[in-house]
Amino acid sequence: MKRLLLMLVSGAALWSAACGGGNGIAVPPPPVGKYTLASLNGQYVFATSGESFVAGAFTATPLARTGVFNADGHGKISGGVEDVNANGITSLALQISGGTYTVNADGRGTLTLDVTSNGVTSSIDFGIVLTSTSDGFLIDETSNNNQASTGSGNFVLQTGGPFTVGSVAGPYIFDFSGLDGNQTSPCPCPESFVGRFDVNNAGTITSGFFDDNDNGTFGSGAVVGNFAPDPLNPSFPISTFGRGIAQIARQNFVFYIVDATRVRMISTNGGMLSGDTVAQSNTVPANVSSISSNFVFIVAGSSGNGGITRVGRFTANGATVTNVLVDTNNAGQFIKTNTTNNASISLDVANPGRGTVTFTDPNFASAPFNFVFYLSSATQGVIQETTTNNSNPVDVADGTIAAQTGSPFSSGNITGTYALNWSGLSLQNNGSFSAQDEEDLLSQVTVSSLGLSGAADIFQFQNGVPVFDLVTSGTIAISGDGTSSPSPNRNTMSVKLVKSNSTTVNLVVYFVSPQLAFFANNQDSHRTVAGILQAQQ
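Mind the numbering: the sequence shown is residues 4 to 540 in the working numbering, read in order.
Structure (structure tokens):
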């Protein structure tokens, strides 16, 4: 989930309050699988987004980090660099001077990075799950006397070096989210910034278009800017680390090249935006008549009430949109959209890959649901909610849209080992106050006959410390794509977490393919989380 509205106050931890019974400590079975220390070998670009406490602070600070680390294949980190943005305050080009990591047979493990700043070295700790030898998920699990921080993200193997500005050339789409640069109370405020651009071999952005939702104020326009080496930090050259600086539509960023198809970015000019820039292929449909597919989408972010998630699917055949299903969690209020009116999809001929989706839920006396998307291919893209409603605050949410493949989904093809990651907010009420607290979970599960078994780490930030190695179980219930009559039937997933106590989280799940699904919780008003289930390779 994109964490766009973050607040922390003192009070009882949700994990303790939500769990019940049991005095013993449950221990997961020994990990089984194909992974070893050698599975993590090379230079990886990583990113997380969440929040942190530093010594002496009374409130949490939104935090995003992006960087590279070099794993030697034997459990040691030989170096790297990271850039950190804490609520608009940046710490740039921090040296990763060392570290260690572990990898269990099931792909779960730990990663510690030693970061040196102003001659002082401190460590940040992560839990990791490999999805292959080229990528994986991670959550920040740092909890020590100097700092506590959490957040979800991932890491991807860097390839194609040595890098130059010309390594990034051609058409790209982007999705950046976080906080704007307005420092006037009550901001910084949530912002979503999506679009596309064309960049030449010299690093100059020659054309492009963006859509921006800054706390409910919508803007759009031409993208201008450039990519360049960072002259202020020659110790971390673009050729070795893929690191440089960029300007996109008058916003400044540090970037890290993963390869020619992906660039990770974090803002440096007062706001706190981060995200990925992805190459756009020539398979993007040129007109709406070329669209014929089922699509799954997920957006997450901030509403006027707190965190919000929407996950759903629709069928697009030309400009006609049918079979729309959406599940919304608006700060613990759950809404199912089963039928829609006036549903349509369109493409912006002037800006390749850009389009809009709109539909109306007849059960709501509100404005239609509107979204803008940018496709990176015929089957993949980013999506931003643009719904306006005069009676309620505007949502600020974005995410992913992807075409469904490999259906029908069943126990026959939803099987094997998967990495599971969710993030969002734990919602708590304790007398006179209400708290919204960062929550991140990372797990590896085996799916057999639609049953789940594995292990997980969870960090509910108000608790102050992560909880490691929870026994994880659950079930997946599949009912096609949910559009079958006589009434829509959701695909669902339950996840039970056990340590000394236990809790069960119930989720609605939309499969993109047998290897990938998006989900969000559809019960339990104490949390607003969304995530991804991805097969290990």
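All C-beta atoms, glycine included, are put in the ideal place defined by N, C-alpha and C.
If you draw a straight line from the Cα of Ala-225 to the Cα of Phe-212, it comes to about 4 Å. Between Val-352 and Ala-289, the alpha-carbon positions lie close to 7 Å from each other. DSSP places Thr-113 in no alpha helix (DSSP H) but in the uninterrupted beta strand (DSSP E) bounded by 111-120.
Scanning the stretch 455-525 for uninterrupted alpha helix (DSSP H) segments of 4 residues or longer gives nothing; none is fully contained. In terms of CA proximity to Gly-309, Thr-331 leads the group Ala-74, Thr-331 and Ala-282. Classified as buried, Pro-193 has 16 or more neighbouring CB atoms from the shown chains inside 10 Å of its CB. Exposed is the label assigned to Thr-209, since fewer than 16 other Cβ atoms lie within 10 Å of its Cβ. Our two residues, Ile-348 and Asn-204, have alpha carbons roughly 34 Å apart in a direct line.
In the DSSP assignment, Ala-533 forms a beta bridge with Ser-426 and Ala-523. The Cβ neighbour count for Pro-65, taken over all protein chains shown within 10 Å, is at least 16; the residue is labelled buried. When beta bridges are read from the DSSP output, Gly-82 appears opposite Asn-73. Going by C-alpha positions, Asn-392 is about 21 Å away from Val-197. As computed with DSSP, Phe-49 is found in a beta bridge with Gly-70 and Phe-158.
A straight line joining the alpha-carbon of Asn-509 with that of Gly-164 spans about 44 Å.
Segment contact: the stretch 403-415 against the stretch 513-521, three or more CB-CB distances shorter than 8 Å; contact assigned.
Taking 9 Å as the cut-off, the Cβ atoms of Val-132 and Ser-42 do not count as close. Bounds of the alpha helix (DSSP H) holding Thr-243 are 241-244.
For Val-257, the uninterrupted beta strand (DSSP E) run begins and ends at 254-262, by DSSP. Linking Tyr-421 to Ser-528 through their CA atoms gives a straight-line distance of about 27 Å. Between the stretch 144-152 and the stretch 229-248, the count of Cβ pairs shorter than 8 Å is below three; the stretches do not touch. DSSP places Ala-334 outside both helix and strand once states are collapsed to three, so it counts as coil. Distance from the CA of Val-71 to the CA of Ala-151, rounded to the nearest whole angstrom, comes to 21 Å. Excluding its 5 nearest sequence neighbours in each direction, Leu-500 has C-beta neighbours in its own chain below 7 Å: Ala-459, Ile-461, Leu-473, Thr-475 and Thr-506, listed in chain order. Taken through DSSP and simplified to helix, strand or coil, Gly-198 comes out as strand.
Rounded to the nearest angstrom, the gap between the Cα atoms of Asn-373 and Thr-361 is 5 Å. In this model, Gly-457 and Thr-207 are separated by some 48 Å (Cα to Cα). With contacts defined as CB atoms closer than 9 Å, Val-168 and Phe-230 qualify as a contacting pair.
A Cβ-Cβ distance of about 6 Å is found for the pair Asp-484 and Ser-410, placing them in contact under the 8 Å criterion. For a cut-off of 8 Å, the C-beta gap from Ser-270 to Phe-256 is around 5 Å, short enough to register as a contact.
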